[in-house]
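Inspection log for the structure reproduced underneath, given as structure tokens.
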Amino acid sequence: MNFEKQIVCIGAGYVGGPTMAMIAVKCPRYKVTVVDINSARIAAWNSNALPIYEPGLDALVQNTRGTNLFFSTAIEQEIQAADIIFVSVNTPTKTFGHGAGRAADLQFWEKTARQILLHATNNKIVVEKSTLPVRTAEAMERILNQNTKNIRFEVVSNPEFLAEGTAIADLESPDRVLIGSQETPDGFKARQAIVDIYAHWVPRDRIIEANVWSAELSKLTANAFLAQRISSINAISALCERTEADVTEVAAAIGKDTRIGTQFLRAGVGFGGSCFKKDILNLVYICQSYGLTEIAEYWESVIRINEWQERRFVRTMLENMFNTIAGKKIALLGFAFKADTGDTRESPAIVIARSLLEEHADVVISDPKALDNAREDLKDVPTAISFETDPYRATDGAHAVALLTDWQVYRDLDYERIFQYMEQPAFLFDGRNVLDHKKLFNLGFNVFAIGKAPLKHF
Ligand code: NAD
Ligand code: UGA
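Sequential numbering of the sequence shown, starting at 742, is according to this note's numbering.
Next up, the structure:
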């Protein structure tokens, strides 16, 4: 088949794979190839066991793979063939040298730029899909356009706003698609080429155009605002616990104000995921490097509250279980950072499990999709720790159950049965406020939720 355009995406991860699968489905006349240095990951994308779990992804990939969607390790060849190159490599927090613990580690990003430069033989549009510090496009253009091959590269910023667990729905019907470019004739032309891709299925009024720096900064700002709402409601949750106000009622009351809105007001054990913390740290670092100390401190406090909330949850467990959990079996229901994903990156469950283990608790971890990642996250832990898919087995003989991920399956459990097989007094800590607390209390549990008065039998 003769394709109108060839799109290549470098980086076959949580963003590259689903995003390109959606483009392939919606743009049948474009050839879409996803490449990666990780050959095991590419092999998994080409198999029936995709490397990531995301509802609806299997069907999307099956519909297009081998027709106009391809997964490959032939990076050199695919760069040469591409008209448009999306770059969706990981941009983690730097762990070494200047800016360690804050700045974005751009080594994968820069390697990609150099790879593109090395293999390209004609003009290309390079699209920043990864989340990057504002003004990265400048460095990218400098690297790419100082070539002696007489090739011109246009760098466009098109940050991704999908959330894990709902990635396919988010891609199918995004609130907005943001496309930023240089405001030059060539920049506008490149911008239009990216607009044309999304215009296949996204209503035109949801495709926002901007200058390249605004696009880059909007991505960091969106994540910072979302995380800030969670830290705000979690801060209020602590006050609720002292005053017998109920954080769910407070959230519902403030959320009815259309200026505030209802989303992202669920109090819990804290936010996790690969991006919120790293992107805020990145924002903090950028502010610091421009001498904006107060602004850096403001955003840093969002992370500080999140870490405090994780520690607070463990402290509540410890204090209410008579200040000792040594040798007590504690079942953690959920390890993924949110429901409907197997991803555990920065999951609050990691900190909570480690803190409980430090107290010498006997920890059993259960999760429908994240146990492989949980084993990997805790592989250095010398103490006995077990992993159990079946939540009934995980809670059998436990002193306490802590619900850490809002999987639907945990709402639907038979808690009467669980209660019968637990040690007494039985404790239930609902770290996501998703269970029926009064009902659990009536079954005999001592119930501790976030931002609510405890329901205790003693
Ligand atoms: P990921 O770690 O799942 O995937 C990145 C992939 O890039 C890996 O498979 C890695 O092998 C590959 N890679 C690294 N260097 C390479 C190179 N030189 N050549 C070829 N492949 C290379 O990461 P992710 O979660 O998909 O995130 C990617 C970017 O998207 C990050 O900047 C992230 O902040 C951003 N983002 C992520 C999400 C999300 O939900 N995960 C959402 C929006 C934006
Ligand atoms: C988030 C953003 O929502 C996406 O728009 C963005 O593209 C993405 O980060 C990214 O840049 O990686 P994601 O981390 O996948 O998506 O998931 P969210 O739904 O945002 O949840 C993040 C964390 O916040 C989870 O641990 C979740 O449980 C927690 N959360 C969320 C709360 O504690 N309360 C809420 O009200 C909402």
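Quick reminder that beta carbons are idealized off the backbone N, C-alpha and C, glycines included.
Annotated as proximal: alanine 753 and isoleucine 783, with beta-carbon spacing under 8 Å. Residue range 1126-1128 is occupied by the beta strand (DSSP E) that includes phenylalanine 1128. For aspartate 799, the uninterrupted alpha helix (DSSP H) run begins and ends at 798-805, by DSSP.
Judged by pairs of C-beta atoms under 8 Å, the region 951-964 touches the region 867-877, as three or more such pairs exist.
The straight-line gap separating the alpha-carbon atoms of valine 756 and arginine 1095 is approximately 29 Å. In the DSSP annotation of this structure, aspartate 1121 is not part of any beta strand (DSSP E), being labelled neither H nor E.
In this structure alanine 1080 is not in contact with glutamine 1165, their Cβ atoms being roughly 30 Å apart against a cut-off of 8 Å. If you look at valine 868, you'll find it in the beta strand (DSSP E) that goes 865-869. For glycine 1032, no beta strand (DSSP E) run applies, since DSSP gives it neither H nor E. A straight line joining the alpha-carbon of glutamate 1060 with that of glycine 1032 spans about 42 Å. The Cβ-Cβ distance between alanine 1125 and aspartate 1108 does not fall below 8 Å. Relative to the Cα of tryptophan 1040, the nearest Cα in the group Arg843, Ile748 and Lys890 belongs to Arg843. With fewer than 16 other Cβ atoms from the protein chains shown falling within 10 Å of its own Cβ, histidine 1198 counts as exposed.
The three-state secondary structure of aspartate 824, taken from DSSP, is coil. The residue among Phe837, Ala861 and Ser788 with its C-alpha nearest the C-alpha of isoleucine 816 is Ala861.
The residues Ala762, Met763, Val766 and Ile909, in chain order, have a CB closer than 7 Å to that of leucine 801 in the same chain once the five nearest residues on each side in sequence are set aside.
Per DSSP, reduced to three states, the secondary structure at leucine 1098 is helical. The beta-carbon separation of histidine 1140 and methionine 1062, rounded to 7 Å, stays under the 8 Å limit for a contact. For lysine 1193, the secondary structure class from DSSP, reduced to helix, strand or coil, is coil.
At a cut-off of 3 residues, the continuous stretches assigned as beta strand (DSSP E) that sit fully inside the region 1121-1189 are 1126-1128, 1141-1144 and 1168-1171. With respect to leucine 1006, isoleucine 974 sits close: the two C-beta atoms are nearer than 8 Å. With a cutoff of 7 Å, glutamate 901 counts as near the ligand UGA, since its C-beta is closer than that to a heavy atom of the ligand.
Between lysine 1019 and proline 833, the C-beta spacing is below 8 Å.
Spanning the alpha carbons of glutamine 1004 and valine 1175 requires a straight line of approximately 16 Å. Residue pairing from DSSP leaves phenylalanine 966 without any beta-bridge partner. Ranked by Cα distance from threonine 889, the first of Thr1082, Asn864, Ala931 and Leu912 is Asn864.
Fully contained in the region 806-862 are the following alpha helix (DSSP H) runs of length 4 or more, in chain order: 816-822 and 848-860. Less than 8 Å divides the Cβ of threonine 1085 from the Cβ of alanine 1111. Between phenylalanine 902 and alanine 968, the C-beta spacing is not below 8 Å. Going by DSSP, glutamate 879 is part of the alpha helix (DSSP H) stretching over 877-886. Classified as buried, methionine 1163 has 16 or more neighbouring CB atoms from the shown chains inside 10 Å of its CB.
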